[in-house]
Amino acid sequence: MTQPPIQKSVTEITAEKIREAIILGAFPLGTKLSEQKLADLYQVSRSPVREALVLLQIEGLVRVFPKRGSFVFLPDECVIRDLCEHRSILEVACFELAVRNNHAGLLIGMQNGISHMQEAIKDADTKHYSRGDLLFHRSVIAHSGNSSMIKSYETTIGPLMALRTHLFTISGISLERSMQEHTEMLEACTVRDVAKAQAICKQHIYHLTEHFHELQMIAAS
């Protein structure tokens, strides 16, 4: 017998909404988060907002300071490097699993993400591009079929995705180069060339550390 879907709590739903807002740049890095304003925005009481912020603090998206309040995280180079290493290990492994376990579903999901990114480039919409980017990479993870990897990815990817949106928005990173890398990953997966897809993916992920370092150097000059 099929088990009924588990209903998410108000706290979990609220955390999802705040998480997405941070990742897509609605709440910029370093922004102070007002519990009351968030409660009004999402039409809930302050209690689930407070609990949601604790969950997001565990994920690294939010930092809570006594007597000062809650803030969207501000990254440092060491944390970003560690997160990129973690993501690279997970996503590279998931390419092999996804191609083997659900090749057709993987290609559909990747193409869906690329379609969103193509539309975003036409409109010069970096936030919409980030949404397409997220769809693309989540497809790789989801179609691996490995629940532990999926959970690990979802609880650690937020800060990197938020930083990527931030860098796309303020630093003039070439969306065209990013688009080309996604297209090449799809092409490699289409012909089941897992090694090529993995190599492109690793390069693609570590571009983020390069861009962040460049931004830090500019800020320090």
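Sequential numbering from 1 applies to the sequence shown in the UniProt record's numbering. Even glycine gets a Cβ: it sits at the ideal position worked out from N, Cα and C.
Can you list, in chain order, the residues of its chain whose CB lies under 8 angstroms from that of residue 164, leaving out five sequence neighbours each side?
For the purposes of this step, residue 164 is identified with residue 164 of the sequence shown, where counting begins at 1. Excluding residues within five positions, the ones whose Cβ falls inside 8 angstroms are 130, 133 and 208.
Do the segment 190-205 and the segment 91-103 meet, that is, are 3 or more Cβ pairs less than 8 angstroms apart?
yes
Do residue 201 and residue 136 come within 8 angstroms of each other at the CB atom, strictly closer than that value?
Residue numbering aside, residue 136 sits at position 136 when the sequence shown is read from its first letter. Residue numbering aside, residue 201 sits at position 201 when the sequence shown is read from its first letter. No, Cβ-Cβ distance for residue 136 and residue 201 is not below 8 angstroms.
Have a look at the DSSP bridge pairing and note the partners of residue 63.
To locate residue 63, count along the sequence shown from 1; it is residue 63. DSSP output for residue 63 lists 71 as bridge partner(s).
Would you report the Cα separation of residue 46 and residue 13, rounded to the nearest angstrom?
Locating residue 46 in the sequence shown gives position 46, where the first residue counts as 1. Locating residue 13 in the sequence shown gives position 13, where the first residue counts as 1. Near 14 angstroms, if we compare the C-alpha coordinates of residue 13 and residue 46.
If you drop the 5 nearest sequence neighbours on each side, which residues of the same chain put their C-beta closer than 7 angstroms to that of residue 17?
The residue labelled residue 17 in the question sits at position 17 within the sequence shown. Correct list, in chain order: 42.
Out of 37, 54, 186 and 168, state which residue places its alpha-carbon closest to the alpha-carbon of residue 125.
Walking along the sequence shown from the start, residue 125 turns up at place 125. That would be 168, whose Cα lies nearest to the Cα of residue 125.
If we require 4 or more residues per run, which alpha helix (DSSP H) segments fall completely within the segment 125-183?
126-142, 147-154 and 158-170
Short of 8 angstroms in beta carbon distance, which residues of its chain neighbour residue 213, apart from the five on each side in sequence? Order them along the chain.
Start at 1 with the first residue of the sequence shown, and residue 213 comes out as number 213. So the list reads 77, once near-sequence residues are dropped.
Between residue 81 and the rest of its own chain, which residues show a CB-CB distance below 6 angstroms, the 5 nearest in sequence each way excluded?
For this step, residue 81 is matched to residue 81 along the sequence shown. Within the same chain, residue 81 has close Cβ partners 209.
Would you mind sorting residue 1 into buried or exposed? The rule is 16 or more other CB atoms within 10 Å of its CB.
Here residue 1 refers to the residue found at position 1 when the sequence shown is read from its first residue. Low local confidence applies: a pLDDT of 46 at residue 1 is under 50, so the model's placement there is unreliable, and no value is given.
Just to confirm my understanding: we take residue 186, look at its own chain, exclude 5 residues before and 5 after, and list those with CB closer than 8 angstroms. What are they?
Here residue 186 corresponds to residue number 186 of the sequence shown, with the count starting at 1. Hits under 8 angstroms: 107, 110, 111 and 114.
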